[in-house]
Ligand SMILES: Cc1cc2nc3c(=O)[nH]c(=O)nc-3n(C[C@H](O)[C@H](O)[C@H](O)COP(=O)(O)OP(=O)(O)OC[C@H]3O[C@@H](n4cnc5c(N)ncnc54)[C@H](O)[C@@H]3O)c2cc1C
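Residue numbers (our numbering): 878 to 1220.
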């Protein structure tokens, strides 16, 4: 028990979801000298902005006539730097339990435990879950040669890798693995055309022509073999050719779809896949101490917009402060007067 407490990450506000709303929460909490830790199932912060549309311009962020979604995330990361937030990335929050000292313990799918008096769910559309190809024994090799997300690319340095997919993620990693990680890499795609930036497609074609990577179009991986670890993938082309390739790893990068996931089982009131909150007060859920902000929540008139999530985060932090320090008076101070005082 003692060592379990020692290994536990403790903070003032535990934020589930490092999308734009979760990130901005760190800033508003920081102004109140509240510390934050963020959990996200993705390997990088940024939520939908980073995962779905990093290169698209957004036009309705106040004060920015136009900002790329990826740049908005970078700016938010810079804005919260003074408050030293900490992160558990690549792990999903799966359970919550209340403790006798009126706090919460949130445990992830990898077993990491976090303790805080306040939980702010900023889970957006939910956990991004990989689209898996329909191969019967695929789960046997997950984390034993098969990964759906590249968290630390160095893991694949000098390896023999097959990547599947026709979008930007598959193409970008194929190029990076060949160019930077010295991998023997084959990109397998079931069509002749890609859903990716033209310059990446052209670059992959040029590299294939120069013998720096292998492209197998109109083809797909149809079978897997191995023991404790993946050993071969079987690739079938539309014309019926079948080859078996020895590999260290196969990365099916067919995109991610979001699902509310385990949070739906936390005893929170859910309406149409979103968490019901009280917008007349502070975006509290039906469980005192647990708030829901950003795309994940619902209330009359809700708009799933970034600026609305920023507002919700601001109000929620004031309420969190009052809950953590019931005897302290909090006077609203302008940042123009007070600056951003790191701690
Ligand atoms: C193509 C597109 C264009 C858009 N354009 C605009 C626009 O122009 N203007 C605008 O205001 N909005 C726009 N939006 C909507 C905007 O992106 C969302 O409102 C915003 O991302 C919501 O932020 P969030 O932080 O609440 O959630 P998200 O960005 O969805 O982030 C939530 C994070 O929580 C994580 N998560 C969820 N559950 C768990 C869990 N159990 N454990 C760990 N992590 C978890 C997810 O991995 C994710 O990273 C657009 C959306 C799309 C898809």
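Ideal Cβ placement from N, Cα and C applies to all residues, glycine included.
When only Cα atoms are considered, residue 1087 and residue 1052 end up about 13 Å apart. Residue 925 counts as buried, since no fewer than 16 other beta carbons sit within 10 angstroms of its beta carbon. By the criterion of at least three beta-carbon pairs nearer than 8 Å, the region 951-970 is in contact with the region 908-921. Look at the beta carbons and you see the region 1073-1083 not touching the region 1162-1173: under three pairs across the two are nearer than 8 Å. Here the alpha carbons of residue 1108 and residue 943 stand approximately 48 Å from one another. As computed with DSSP, residue 1110 is found in a beta bridge with 1101, 1122. The beta carbon of residue 1001 lies closer than 8 Å to those of 894, 896, 898, 924, 925, 1135, 1171, 1172, 1173 in the same chain, with the five residues before and after it left out. At a threshold of 7 Å, residue 1166 does not count as near ligand 1, since its beta carbon sits no closer than that to any of the ligand's heavy atoms. Here the region 997-1012 does not lie against the region 945-964, with fewer than 3 beta-carbon pairs under 8 Å apart. DSSP places residue 974 inside the beta strand (DSSP E), whose first and last residues are 970-975. CA-to-CA, the gap between residue 1017 and residue 1027 works out to about 19 Å. Pairwise C-beta distances place the region 1151-1164 in contact with the region 1193-1200, as three or more of them are shorter than 8 Å. The C-beta distance from residue 981 to residue 973 rounds to 6 Å, short enough to fall under 8 Å. Per the C-alpha coordinates, the member of 890, 901, 904, 908 positioned closest to residue 1207 is 908.
Look at residue 1140: its beta carbon is less than 7 Å from one of the heavy atoms in ligand 1.
Ranking 1030, 934, 1126, 946 by CA distance to the CA of residue 1050 puts 1030 first. Scanning 989, 988, 993 for the CA closest to the CA of residue 979 turns up 993. In the same chain as residue 1074, and ignoring 5 residues on each side of it, the C-beta atoms closer than 7 Å to its own belong to 1045, in chain order.
Under a 10 Å Cβ-count criterion, residue 1154 is classified as buried, with 16 or more other Cβ atoms of the shown protein chains found around its own Cβ.
Close CB contacts of residue 1007 within its chain, under the 6 Å cut and outside five residues either way in sequence, are with 1025, 1133 (chain order).
With contacts defined by Cβ atoms closer than 8 Å, residue 983 and residue 911 do not form a contacting pair. Here residue 1121 has 1109, 1111 as same chain residues with Cβ atoms under 6 Å from its own Cβ, once five neighbours each way along the sequence are excluded. Of the candidates 904, 1059, 1085, the residue whose Cα lies closest to the Cα of residue 1065 is 1085. By the 16-neighbour rule on beta-carbons within 10 angstroms, residue 905 is buried.
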